[in-house]
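Student:
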Amino acid sequence: MSFLDRARQAASQAASQAAEQAKHAAEQARTTVSEGADKASTVMHDPSNAEKARKALSRAKSGVGTAIDRIDPGVLADVVIKATALQERANRALRAKGSPYRIAEISIGAAIPPSVTFAISRTNDPDGDGVPEGAVASTELLAAGAAGDEIGVQALDGSTIDEASLAGEVDA
1 MSFLDRARQA ASQAASQAAE QAKHAAEQAR TTVSEGADKA STVMHDPSNA
51 EKARKALSRA KSGVGTAIDR IDPGVLADVV IKATALQERA NRALRAKGSP
101 YRIAEISIGA AIPPSVTFAI SRTNDPDGDG VPEGAVASTE LLAAGAAGDE
151 IGVQALDGST IDEASLAGEV DA
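All the letters of the sequence shown, read from the start, carry residue numbers 1 to 172 under our numbering.
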């Protein structure tokens, strides 16, 4: 037998072994999947599991209702009053600075703590182009404010943060 014939025979045997191993692995996978599907079917059709799911859904609905019931209408009214007062003051400040933008909408999320979101819109701008007459572009307001401000970073509550303490927080 020549070297080439022996190589062919060895390759044929290796291929046969690989095919047998692949067949065995496929049979194991089929058995595992079949068993898993049978178990899932049993669990889905088990009446006690359906009842457990109904009870869990009922508790979840009750929990949502209870959370909403716990919101004090007086507290919610205070949040609305404070948010709208802030909107009015911010709009006056925007008007005084000549900005064409206003806080047009407030959304209050009834969570604990409540969340407040402001939506900004442009005033008197039917075309959507340019800045309305008598208003100043935000880019100009920003440039004018940056030139005259040397107070550092200002938080939404009006407090200022100097750059040294800010750098210390970033490094920490």
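Virtual Cβ for every residue (Gly too), placed ideally from N, Cα, C.
Using 10 angstroms around the beta-carbon of Ser-99, count the other beta-carbons present and answer buried if the total reaches 16, otherwise exposed.
Tutor: So Ser-99 counts as buried.
Student: For Val-79, count neighbouring Cβ atoms within 10 angstroms of its own Cβ and tell me buried if that reaches 16, exposed if not.
Tutor: So Val-79 counts as buried.
Student: On the DSSP bridge assignment, give the partners of Ile-106 in chain order.
Tutor: Paired residues: Phe-118.
Student: Can you grab the Cα-Cα spacing for the pair Arg-102 / Ile-108, in whole Å?
Tutor: If you take the alpha carbons of Arg-102 and Ile-108, they lie about 18 Å apart.
Student: Would you kindly report the start and end of the unbroken alpha helix (DSSP H) that includes Ala-135?
Tutor: Careful: Ala-135 lies outside any alpha helix (DSSP H) and carries neither H nor E.
Student: So, at 8 Å on beta carbons, what are the nonlocal neighbours of Thr-123 in its own chain, with the 5 sequence-adjacent residues on each side left out?
Tutor: Cβ neighbours of Thr-123 beyond the five flanking positions: Pro-100, Tyr-101, Arg-102, Pro-132 and Ala-135.
Student: Taking Cβ positions, are Ile-120 and Ala-104 nearer each other than 8 Å?
Tutor: Yes, Cβ-Cβ distance for Ile-120 and Ala-104 is below 8 Å.
Student: Does the beta-carbon distance from Lys-97 to Leu-141 come in below 8 Å?
Tutor: Yes, Cβ-Cβ distance for Lys-97 and Leu-141 is below 8 Å.
Student: When you compare only the Cα positions, how much space is there between Gln-17 and Thr-42?
Tutor: Cα-Cα distance, rounded: 38 Å.
Student: Along the alpha helix (DSSP H) that carries Asp-78, what are the first and last residues, could you check?
Tutor: Segment 73 to 96, the alpha helix (DSSP H) holding Asp-78.
Student: Would a check of beta-carbon distances place Leu-94 closer than 8 Å to chain B?
Tutor: Although the question refers to chain B, the structure presented lacks it and comprises just one protein chain.
Student: Nearest-angstrom Cα distance between Phe-118 and Lys-55?
Tutor: C-alpha separation (whole angstroms): 39 Å.
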